[in-house]
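What follows is a short report on a single structure.
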Amino acid sequence: MSQTEVTAELARWIVDLRENDVPPEVRREGVRTFVNWLGCAVGGSKHETVDAALRVLESFSGTRSSTVIARTTRLDALSASLINGISSHVLDFDDTHLKTIIHPAGPVSSALLALAELRPMSSREFLTAQIIGTEVECRIGNSVYPDHYDRGWHITGTAGVFGSAAACGRAIGLGPRQMQWALGLAATQSSGLREMFGTMTKSFHPGAAARNGMMAALLAEAGFDSSEHGIEARRGWANVVSDKRDYGEILGELGRRWESALNSYKPFACGIVIHPAIDGCRKIRDEFGADRVASIDRVELATAPLVLELTGKTSPKTGLEGKFSVFHAAACALLRGDGSPEAFTDEAVNDPGLVAMRARIHVRTDAAIHEDSVSIKVFFEDGTRLEKRIDHAVGSRDNPLTDSQLDEKFIKQARSILGDDRTRILLAKAWRIGASENPAAIARATVPGVEEKSS
Numbered sequence: 000m001s002q003t004e005v006t007a008e009l010a011r012w013i014v015d016l017r018e019n020d021v022p023p024e025v026r027r028e029g030v031r032t033f034v035n036w037l038g039c040a041v042g043g044s045k046h047e048t049v050d051a052a053l054r055v056l057e058s059f060s061g062t063r064s065s066t067v068i069a070r071t072t073r074l075d076a077l078s079a080s081l082i083n084g085i086s087s088h089v090l091d092f093d094d095t096h097l098k099t100i101i102h103p104a105g106p107v108s109s110a111l112l113a114l115a116e117l118r119p120m121s122s123r124e125f126l127t128a129q130i131i132g133t134e135v136e137c138r139i140g141n142s143v144y145p146d147h148y149d150r151g152w153h154i155t156g157t158a159g160v161f162g163s164a165a166a167c168g169r170a171i172g173l174g175p176r177q178m179q180w181a182l183g184l185a186a187t188q189s190s191g192l193r194e195m196f197g198t199m200t201k202s203f204h205p206g207a208a209a210r211n212g213m214m215a216a217l218l219a220e221a222g223f224d225s226s227e228h229g230i231e232a233r234r235g236w237a238n239v240v241s242d243k244r245d246y247g248e249i250l251g252e253l254g255r256r257w258e259s260a261l262n263s264y265k266p267f268a269c270g271i272v273i274h275p276a277i278d279g280c281r282k283i284r285d286e287f288g289a290d291r292v293a294s295i296d297r298v299e300l301a302t303a304p305l306v307l308e309l310t311g312k313t314s315p316k317t318g319l320e321g322k323f324s325v326f327h328a329a330a331c332a333l334l335r336g337d338g339s340p341e342a343f344t345d346e347a348v349n350d351p352g353l354v355a356m357r358a359r360i361h362v363r364t365d366a367a368i369h370e371d372s373v374s375i376k377v378f379f380e381d382g383t384r385l386e387k388r389i390d391h392a393v394g395s396r397d398n399p400l401t402d403s404q405l406d407e408k409f410i411k412q413a414r415s416i417l418g419d420d421r422t423r424i425l426l427a428k429a430w431r432i433g434a435s436e437n438p439a440a441i442a443r444a445t446v447p448g449v450e451e452k453s454s
């Protein structure tokens, strides 16, 4: 395989894949991915980050074809995909491809659902396009990870734009050459910096990837060309953004090895590398009780090196910063037993009791510790101590959330916005994606107070 064929071969696979070539277990994981994404998008829909973005974009919107998730506002499809991508990621509660730390659904599902109201597609077409998009972005991410991520690129944004372009291009029926152009247009719009973690701009990355990928597909459909070697050319994407390039990760076993089937779903609303610490600290609280936890003198966490690199904020001042503080997350899990969105509000990170507890938490890193594991030592004021080890945190590939746990997560996020009845109706619709449910009808069903129309 010549490296000059990478973009062309990938484009042909995206265009030629038949629905029946997707194994049932991969389609099932695609449904779970959509259910999780929709719950997160509803859950984040009222965040101040979304409010600010809407205030700006609403006055610029063109044809108001598409639903803004859980809002009465409608926007053009490009702007709706941006806002919905922000909503789905702002709580840091969304899905994760653990091999690359990509959050696959934000760029892909946010674009596809907005597009489905502009360019109608069947439920099966929607799900197939979503699976293709997540497959493409995860494979492209694999090809440059970890070098690309270590440089400071936020891989959800940089790889996600390829997923959106592939999904949208598939949904509107691009041919192979047009798909090459769409991938090239995606490559030149790829962006997102890890410097933005802990700010509103982090959630902008998957939103921008959704919008830019859709725009790439629509431009390519109109004959707007690009380099046909946008991924692998000497000055193409992979060579510009990374010293590590493994094109076998993109093309190897296409249609046989499914990265999209490896998706995982967060039980806690923060950076994924903190989850083992939260899981362990919650178990300590459950086993020994709140009174005993209150007498802790010192906590020592032994974690994978990426934990401090990504979540080493010792004194977060805002809820968004708290999502990247292993110290705050562990303190909240110990004192409140909490890893929900409510654990990562401005009020929570400035709570005096939590501030005092996080000062007692100390972290050392160990390259021998896997990223879904942690060792915890707790020293009490009376001189006693205990130890807890988590080998595979809840939500990891070895300890995944069940369908019923995904239901519970969805309901907890949506009920305060939609009410119990509409939440359960929407959840049932989400589980039928890829079968009988019209994607546009699902989008409409997220809007509070809007009467359901027949699909």
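Okay, so the sequence shown: first residue is 0 according to numbering that gives the first Met the number 0, each after it adds one.
The beta-carbon is built from N, C-alpha and C at its ideal position, and this holds for glycine as well.
Note that the structure is predicted; figures quoted are calculated from it, not measured.
Which first and last residues belong to the beta strand (DSSP E) in which Glu299 is found?
In the sequence shown, the residue the question calls residue 299 occupies position 300. Here the beta strand (DSSP E) through Glu299 covers 295–302.
Can you name, in chain order, every residue of its own chain whose Cβ lies under 7 Å from the Cβ of Ile389, other than the five neighbours on each side?
Along the sequence shown, one-based indexing puts residue 389 at 390. The residues are Pro275, Asp278, Gly279, Ser372, Val373.
Are there 16 or more other CB atoms within 10 angstroms of the CB of His88, so buried, or fewer, so exposed?
Along the sequence shown, one-based indexing puts residue 88 at 89. Buried, since its Cβ has 16 or more Cβ neighbours within 10 Å.
Proximity winner among Thr48, Trp36, Arg31, relative to Thr344 (alpha-carbon distances)
The residue you call residue 344 lines up with position 345 of the sequence shown. Cα-wise, what sits closest to Thr344 is Thr48.
What does DSSP give as the partner residue(s) for Arg73 in the beta ladder?
On the sequence shown, residue 73 is found 74 positions in, with the first residue counted as 1. The beta-bridge partner set that DSSP reports for Arg73 consists of Thr66.
From Asp50, Trp36, Pro22, Asn141, pick the residue whose C-alpha is nearest to that of Val107; which is it?
Along the sequence shown, read from residue 1 onward, the residue named residue 107 stands at position 108. Of the listed residues, the one whose Cα sits closest to Val107 is Trp36.
Between the alpha carbons of Met0 and Val306, how many angstroms are there, rounded?
Counting from one through the sequence shown, the residue named residue 0 turns up at place 1. Counting from one through the sequence shown, the residue named residue 306 turns up at place 307. For Met0, the predicted model reports a pLDDT of 44, less than 50, meaning its position is unreliable; a value from the coordinates is still stated below. The straight-line gap separating the alpha-carbon atoms of Met0 and Val306 is approximately 37 Å.
Could you have a look at Ser454 and say whether DSSP puts it in helix, strand or coil?
Numbered from its first residue, the sequence shown carries residue 454 at position 455. Annotation note: pLDDT 39 at Ser454 (below 50); position unreliable, no value reported.
Indicate whether Ala469 and Ala215 have their beta-carbon atoms separated by less than 9 Å.
Residue 469 lies beyond the stretch modelled for the chain, which goes from 0 to 454, so this question has no answer here.
Quick one, which of Ile375, Asp242, Asp365, His327 has its alpha-carbon nearest Ala358's?
Within the sequence shown, residue 358 is the residue found at index 359, counting from 1. Looking at the Cα atoms, His327 is the closest of the given residues.
Could you check which residue in Ile101, Glu248, Gly84 has the C-alpha nearest to that of Arg193?
As a position in the sequence shown, residue 193 is number 194, starting the count at 1. That would be Ile101, whose Cα lies nearest to the Cα of Arg193.
Which stretch, first to last residue, makes up the beta strand (DSSP E) that contains Arg388?
Taking the first residue of the sequence shown as 1, we reach residue 388 at position 389. Going by DSSP, Arg388 is part of the beta strand (DSSP E) stretching over 384–389.
For Arg150, collect the residues of the same chain with a Cβ closer than 8 Å to its Cβ; drop the 5 residues on either side in sequence, then sort them by chain order.
Here residue 150 corresponds to residue number 151 of the sequence shown, with the count starting at 1. Exclusion of the five residues before and after Arg150 leaves Val240, Ser241 as the residues of its chain whose Cβ lies within less than 8 Å of its Cβ.
Which of the three DSSP states is assigned to Lys376 in this structure?
Taking the sequence shown and counting its residues from 1, one reaches residue 376 at position 377. Lys376: strand per DSSP, three-state reduction.
Pick from Val354, Ile368, Ala186, Pro315 that is closest to Val272, judged by C-alpha positions
For the purposes of this step, residue 272 is taken as residue 273 along the sequence shown, with counting starting at 1. Of the residues Val354, Ile368, Ala186, Pro315, the one whose Cα lies closest to the Cα of Val272 is Ile368.
Quick one: any contact between the segment 23–39 and the segment 428–441, if contact means 3 or more CB pairs under 8 Å?
Yes, they touch.
Assuming Val354 is part of the alpha helix (DSSP H), what are its boundary residues?
Locating residue 354 in the sequence shown gives position 355, where the first residue counts as 1. For Val354, the enclosing alpha helix (DSSP H) has its first and last residue at 351–357.
Tell me, please, which residues DSSP counts as bridged to Val362.
By one-based count along the sequence shown, residue 362 stands at place 363. Paired residues: Leu300.
Let me check one thing: in DSSP terms, what residues is Ser324 bridge-paired to?
In the sequence shown, the residue the question calls residue 324 occupies position 325. Its beta-bridge partners are Gly311.
Would you call the CB atoms of Phe203 and Ile85 closer than 9 Å?
Sequence index remark: in the sequence shown, residue 203 carries index 204 (1-based). Sequence index remark: in the sequence shown, residue 85 carries index 86 (1-based). Cβ atoms of Phe203 and Ile85: closer than 9 Å.
If we ignore side chains and look at the alpha-carbon of each, how far apart do Arg443 and Arg297 end up?
For the purposes of this step, residue 443 is taken as the residue at position 444 of the sequence shown. For the purposes of this step, residue 297 is taken as the residue at position 298 of the sequence shown. Approximately 50 Å between the Cα atoms of the pair.
So, do the segment 105–122 and the segment 137–145 have three or more beta carbon pairs nearer to each other than 8 Å?
No: the two stretches stay apart, fewer than three of their Cβ pairs being nearer than 8 Å.
Do you know whose CA, among Glu227, Asp350, Val393, Val325, lies nearest Thr302's CA?
As a first step, residue 302 is located in the sequence shown; it is residue number 303 there, counting from the start. Looking only at Glu227, Asp350, Val393, Val325, the smallest Cα-Cα distance to Thr302 is reached by Val325.
Alpha carbon of Ser453 to alpha carbon of Leu81, nearest angstrom
Numbered from its first residue, the sequence shown carries residue 453 at position 454. Numbered from its first residue, the sequence shown carries residue 81 at position 82. Residue placement at Ser453 is flagged as unreliable, the pLDDT there being 40, under the threshold of 50; the coordinate-derived value follows with that caveat. C-alpha separation (whole angstroms): 27 Å.
Which residue spans inside the segment 85–134 form an unbroken alpha helix (DSSP H) run of at least 4?
Unbroken alpha helix (DSSP H) stretches of 4 residues or longer found wholly inside the segment 85–134: 104–117, given in chain order.
Hey, would you say Gly206 sits closer than 9 Å to Asn83, going by beta carbons?
In the sequence shown, residue 206 corresponds to position 207, counting from 1. In the sequence shown, residue 83 corresponds to position 84, counting from 1. Less than 9 Å separates the beta-carbon of Gly206 from that of Asn83.
Which same chain residues, not among the five before or five after Asp94, have their C-beta less than 7 Å away from its C-beta?
Mapped onto the sequence shown, residue 94 falls at position 95. Excluding five sequence positions before and after Asp94, the CB atoms of its chain that fall closer than 7 Å to its own CB belong to Thr32, Asn35, Trp36, His102, Pro103, Ala104, Asn262, Ser263, Tyr264, given in chain order.
Run through the segment 162–246 for me and flag every whole alpha helix (DSSP H) of 4 or more residues, listed as ranges in chain order.
Runs of the alpha helix (DSSP H) inside the segment 162–246: 175–187, 200–220, 236–240.
Answer with buried or exposed for Val55, where buried requires no fewer than 16 other C-beta atoms within 10 angstroms of its C-beta.
As a first step, residue 55 must be located in the sequence shown, where it is residue number 56. Burial call: exposed.
Just the C-alpha distance for Asp350 and Ser294, rounded to the nearest angstrom, thanks.
Here residue 350 is taken as the residue at index 351 of the sequence shown, counted from 1. Here residue 294 is taken as the residue at index 295 of the sequence shown, counted from 1. In this model, Asp350 and Ser294 are separated by some 18 Å (Cα to Cα).
Could you tell me if Ser109 is buried or exposed, where buried requires 16 or more neighbouring beta carbons within 10 angstroms of its beta carbon?
What you label residue 109 is simply residue 110 of the sequence shown in a count that begins at 1. It counts as buried.
Considering Cα atoms alone, identify which of Asp290, Arg169, Ala166, Arg176 is closest to Glu380.
Residue 380 sits at position 381 when you count from the first residue of the sequence shown. It is Asp290 whose Cα lies nearest to the Cα of Glu380.
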